[in-house]
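*Asks:*
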Amino acid sequence: MSEPKLSTLRIVDIIPSGDNPRIINEKSAGFIELVVSVRAMGVIVPVHVRDCPGRMEFKGKYELLAGDRRLQAAARAGWAEIPAVCHGQIGDEEAFEITFAENFARKDLTPLEQGKAVETLLVKYKGDAAAAASKMGKSVRWVLQRKAIHNNLSKQWRKAITEDPDYKDYTASHLQLIAALPQNIQDEILEDHGYGEVPTVKELEKTIADSMRLLSKAPWDLNDGGLIDKVKACSKCTKRSSSQPGLFDDTTDTETIKRNDRCLDAGCWRNKMTAHLQKRAEQLKTEYPNLIFAVMPDEKVDYYEKERLTGLWPDTVFEWKSAKENSKGALPALVVYGEKTGELCWIRPVATVDRRGQAKRLGKDGKPAKKPLKQRQAELKSKRWCAVLRGLVSKVQKVETEAIPDDEVQTVLMLAAVFGTIKNHQYNYRDDNLWDTFRKLSNADAHFKATDMLWGMVRPVLAQRLTYNDAITRVPEHYIDEAKQTSKLLGIDIEAMFAEQVKAIREPKSWAKEKSANKKKNKPKKSTKKAKKKTEIRTCRKCGCTNDKPCMTEEGPCHWVEPDLCSACVDKKTKSKSKKSVRTAKKKKD
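For the sequence shown, numbering that gives the first Met the number 0 assigns the number 0 to the initial residue and increments by one for each residue that follows.
(1) Let me check understanding here. Comparing Cα to Cα, which of 212, 299, 254 lies closest to residue 264?
(2) Measure the alpha-carbon distance for residue 472 versus residue 372 and round it to whole angstroms.
(3) Measuring CA to CA, which of 513, 121, 200 is closest to residue 369?
(4) With residue 271 as the anchor, note down where its alpha helix (DSSP H) starts and where it stops.
(5) Assess contact between the region 144-152 and the region 115-126, defined as three or more Cβ pairs (one per stretch) separated by less than 8 Å. Is contact present?
(6) In the DSSP assignment, the alpha helix (DSSP H) including residue 539 goes from what residue to what residue?
(7) In terms of residues, what are the limits of the alpha helix (DSSP H) holding residue 487?
(8) According to DSSP, simplified to helix, strand and coil, what is residue 320?
(9) Please state the DSSP three-state secondary structure of residue 7.
(10) Would you kindly work out how many angstroms separate the C-alpha atoms of residue 390 and residue 408, rounded to a whole number?
(11) Which of helix, strand or coil does DSSP assign to residue 156?
(12) Give every residue of the same chain whose Cβ lies closer than 6 Å to the Cβ of residue 342, excluding the five residues on either side of it in the sequence, and list them in chain order.
(13) Report the partner residues of residue 545 according to the DSSP bridge assignment.
(14) Where do the ends of the alpha helix (DSSP H) carrying residue 110 lie?
(15) Going by CA-CA distance only, name the one from 501, 81, 189 that's closest to residue 376.
(16) Are residue 131 and residue 142 touching if we call contact CB-CB under 7 Å?
(17) Beta-carbon within less than 6 Å of residue 157's beta-carbon, same chain only, minus the 5 sequence neighbours each way: which residues are those?
(18) Thinking C-alpha only, which one of 544, 545, 567 is nearest residue 554?
(19) Taking the alpha carbon of residue 74 as the point to measure from, which residue in 317, 385, 13, 93 has its own alpha carbon closest?
(20) Starting from residue 82 and walking both ways along the beta strand (DSSP E), at which residues does that stretch end?
(21) Among the residues of its own chain, which have a CB less than 6 Å from the CB of residue 557, if the five just before and after it don't count?
(22) Which same chain residues end up closer than 7 Å to residue 396 when comparing Cβ atoms and leaving out the 5 residues on each side of it in sequence?
(23) Say whether the region 287-295 touches the region 322-336, bearing in mind that this needs 3 or more beta-carbon pairs closer than 8 Å, one atom from each stretch.
(24) Is it buried or exposed for residue 67, if we count other Cβ within 10 angstroms and need 16 for buried?
(25) Taking residue 187 as the reference, which of 153, 198, 288, 240 has the closest Cα?
(26) Are there 16 or more other CB atoms within 10 angstroms of the CB of residue 429, so buried, or fewer, so exposed?
(27) Return the residue from the list 468, 382, 481 that minimises the CA-CA distance to residue 418.
(28) Does DSSP classify residue 50 as helix, strand or coil?
(29) With residue 561 as the anchor, note down where its alpha helix (DSSP H) starts and where it stops.
(30) Evaluate residue 288 with the Cβ neighbour count: other Cβ atoms within 10 Å of its Cβ, from every protein chain shown; 16 or more gives buried, anything less gives exposed.
(31) Under a Cβ-count criterion, where at least 16 other Cβ atoms within 10 Å of its own Cβ denotes burial, should residue 485 be classed as buried or exposed?
(32) What separation, rounded to the nearest whole angstrom, lies between the Cα atoms of residue 423 and residue 452?
(33) Would you mind reading off the limits of the alpha helix (DSSP H) that contains residue 379?
(34) What is the DSSP secondary structure of residue 236, counted as helix, strand or coil?
(35) In the structure shown, what three-state DSSP assignment does residue 13 receive?
(36) Of all the options 382, 511, 519, 415, which has the alpha carbon lying nearest to the alpha carbon of residue 499?
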């Protein structure tokens, strides 16, 4: 066996190997970056090849063992040759080891690439999963899981995982769950749930359970032929997986096929579920007149499903807490979406959403709570401004240059310089008629005015800046400010327009009672406490001390014993009396 040698080979003489598991997406950002790098610096790390064995037509050709991505990048970059390490006429076993070391043992292989690597090893080891697992340093279970992904994943999912960056975070655990399904079910899941945030494995399990439409999980009677008019009972329908067991099940066991029996008509399943829930709601309302409808709180419901649910059951509750039947604020609810669909439960509502997807807080009765008066007044004002904006857009589009109060030429030029213009002539840059127009404008006797033409291109810009298409109860302040500035510049009385809308969109009469009630609540209460009397200044009749300047005794500052006598003077008087009594007692004794 000859020693490997470094040489430069023509790209057209190198044939890719079938043992390489790498899947190259030429549209990916990583591959495009590699092409740019190769175009600028060439291929730095050489590829590995061997002399192409076999037929005469491959004489002078080389089989690629490692470096497929670099080879394709060099071809895309326009290089005719590439550096290569040629291993000569080595055998298949040694060639496989080189390819395996370069490609199979990489840490950045995707689940699809891992599946291809596993399949290659299983072919090499004649289906021995234990040998393949030992070679890759993985468990047998890991090998079998990757095999299932490689063999069973649908073409649509393969394309999405390979080409679409939104699917790059789907793990082998995700793909293993998907690959276990029939391919038509896989494609349904891709179409209905494939876009948006990547679900957790648990969420995907829930989606698969819903998509499988197991008839054993249906909450209605499968023998009920009257659930929907002119629609057969599920037990007599042929659109079931059990009607074609060889196509949808890998087993011939009758019990297993019956247990896994699935509905194959998604539209019919949804219609029957809706009909069942409506029938169930009618039955429950006879016993629970205050019945409401709820979605399981841990469910992720997209915009279209929310729209459908709120259309069928207005004010459906999406946020709630479980409660006991007799607890305060508990309400009976029929679950219309989620794991417990069709079941009755007791809940304490928190919030619902309306048909526009906006959250609405709920009261204790489960109905939408009344908004504060201030919020309703702000929304009413917003509605009026929204109407003003629409009217102003119409007026701006009709304003002629002569109606502009200030210097019209200067004003139009400044507006064009600041806000730009609608360039309706930008696609006619080769039209000679434009020069005819220019010559007419330069003629002093012409009826055309350049200012009029420029204003005709500035005016739509101003109108577009005033166009508001969102919720009429939430008009942003900058739109109102824009309207005031524009109307002032063009001499439009916007205050009069707003006054017209105040008359057209009136406050509800019921608000007057709320205003008066709020005034009474907010009215300042009169103080019932009596004002404290001012502290009187006292003076001791004996020593002349006051409140501010008390006498100091051995025990501290003096205090008042009488209104005009301090404790220090009382102590002096008591001491003098006691001395007299002592002297008198001595005299009597003598």
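From the three backbone atoms N, C-alpha and C, an ideal C-beta is built for every residue, glycine too. Quick caveat: nothing in here was measured; it's all calculated off a predicted structure.
*Replies:* To lay it out plainly:
(1) Position 265 of the sequence shown, counting from 1, holds the residue named residue 264. Of the candidates 212, 299, 254, 212 places its Cα closest to the Cα of residue 264.
(2) As a position in the sequence shown, residue 472 is number 473, starting the count at 1. As a position in the sequence shown, residue 372 is number 373, starting the count at 1. So the two alpha carbons sit approximately 14 Å from each other.
(3) The residue given as residue 369 occupies position 370 in the sequence shown. If we check each option's Cα against that of residue 369, 513 comes out closest.
(4) The residue you call residue 271 lines up with position 272 of the sequence shown. Residues 265-286.
(5) A contact exists between the region 144-152 and the region 115-126.
(6) By 1-based counting over the sequence shown, the position of residue 539 is 540. Neither: residue 539 is in no alpha helix (DSSP H) and is coded neither H nor E.
(7) Here the question's residue 487 lines up with position 488 in the sequence shown. Run containing residue 487: 476-489, per the alpha helix (DSSP H) assignment.
(8) As a position in the sequence shown, residue 320 is number 321, starting the count at 1. Three-state DSSP puts residue 320 in a strand.
(9) In the sequence shown, counting from the first residue as 1, residue 7 sits at position 8. In the three-state reduction of the DSSP assignment, residue 7 falls in the strand class.
(10) Against the sequence shown, residue 390 aligns to sequence position 391. Against the sequence shown, residue 408 aligns to sequence position 409. Residue 390 and residue 408 have their C-alpha atoms some 26 Å from each other.
(11) Counting from one through the sequence shown, the residue named residue 156 turns up at place 157. Residue 156: helix per DSSP, three-state reduction.
(12) The residue you call residue 342 lines up with position 343 of the sequence shown. So the list reads 334, once near-sequence residues are dropped.
(13) Against the sequence shown, residue 545 aligns to sequence position 546. Residue 545 is bridged to 538.
(14) Working through the sequence shown from its first residue, we reach residue 110 at position 111. Counting along the chain, the alpha helix (DSSP H) containing residue 110 begins and ends at 110-123.
(15) As a working note, residue 376 is residue 377 in the sequence shown. Nearest C-alpha to residue 376: 501.
(16) The count along the sequence shown starts at 1 and reaches residue 131 at position 132. The count along the sequence shown starts at 1 and reaches residue 142 at position 143. Yes.
(17) Reading the sequence shown from its first residue, position 158 is the one you call residue 157. If the five residues before and after residue 157 are omitted, its C-beta is found closer than 6 Å to no C-beta atom of its own chain.
(18) Position 555 of the sequence shown, counted from the first residue, corresponds to residue 554. Of the listed residues, the one whose Cα sits closest to residue 554 is 567.
(19) Stepping through the sequence shown from its first residue, residue 74 is reached at position 75. Answer by Cα proximity: 13.
(20) Within the sequence shown, numbered from 1, the residue matching residue 82 stands at position 83. Run containing residue 82: 80-85, per the beta strand (DSSP E) assignment.
(21) Taking the sequence shown and counting its residues from 1, the one referred to as residue 557 is at position 558. Excluding positions up to five away in sequence, the list reads 549, 550, 565, 566, 567.
(22) Along the sequence shown, one-based indexing puts residue 396 at 397. The beta carbon of residue 396 sits closer than 7 Å to those of 458, 462, all from its chain and outside the five residues before and after it, given in chain order.
(23) Touching, yes.
(24) Indexing the sequence shown from 1 puts residue 67 at position 68. Under this definition residue 67 is a buried residue.
(25) Working through the sequence shown from its first residue, we reach residue 187 at position 188. Measuring from the Cα of residue 187, the nearest candidate turns out to be 153.
(26) Position 430 of the sequence shown, counting from 1, holds the residue named residue 429. Confidence at residue 429 is low in this model, with a pLDDT of 45, below 50, so the placement of that residue should be treated as unreliable; the coordinate-derived value is given next. By the beta-carbon neighbour count (other beta carbons within 10 angstroms, threshold 16), residue 429 is exposed.
(27) On the sequence shown, position 419 is the one that residue 418 refers to. Nearest of 468, 382, 481 to residue 418, Cα basis: 481.
(28) As a first step, residue 50 must be located in the sequence shown, where it is residue number 51. In this structure, residue 50 counts as strand in the three-state DSSP scheme.
(29) The residue given as residue 561 occupies position 562 in the sequence shown. From DSSP, residue 561 is part of no alpha helix (DSSP H) but of the beta strand (DSSP E) over 559-561.
(30) Translated into positions along the sequence shown, residue 288 becomes position 289. It is exposed - the Cβ of residue 288 has fewer than 16 other Cβ atoms within 10 Å.
(31) Position 486 of the sequence shown holds residue 485. With 16 or more other Cβ atoms within 10 Å, it is buried.
(32) For this step, residue 423 is matched to residue 424 along the sequence shown. For this step, residue 452 is matched to residue 453 along the sequence shown. Any reading at residue 423 needs caution, since the residue's pLDDT is 45, under 50, leaving its predicted position unreliable; the model's value is listed next. Residue 423 and residue 452: Cα-Cα distance of roughly 11 Å.
(33) The sequence position of residue 379 within the sequence shown is 380, counting from 1. For residue 379, the uninterrupted alpha helix (DSSP H) run begins and ends at 372-397, by DSSP.
(34) Residue mapping note: residue 236 aligns to position 237 of the sequence shown, counting from 1. In this structure, DSSP gives residue 236 a state outside helix and strand, which the three-state scheme calls coil.
(35) Within the sequence shown, numbered from 1, the residue matching residue 13 stands at position 14. For residue 13, the three-state secondary structure derived from DSSP is strand.
(36) Indexing the sequence shown from 1 puts residue 499 at position 500. Residue 382 is the option with its Cα nearest to residue 499.
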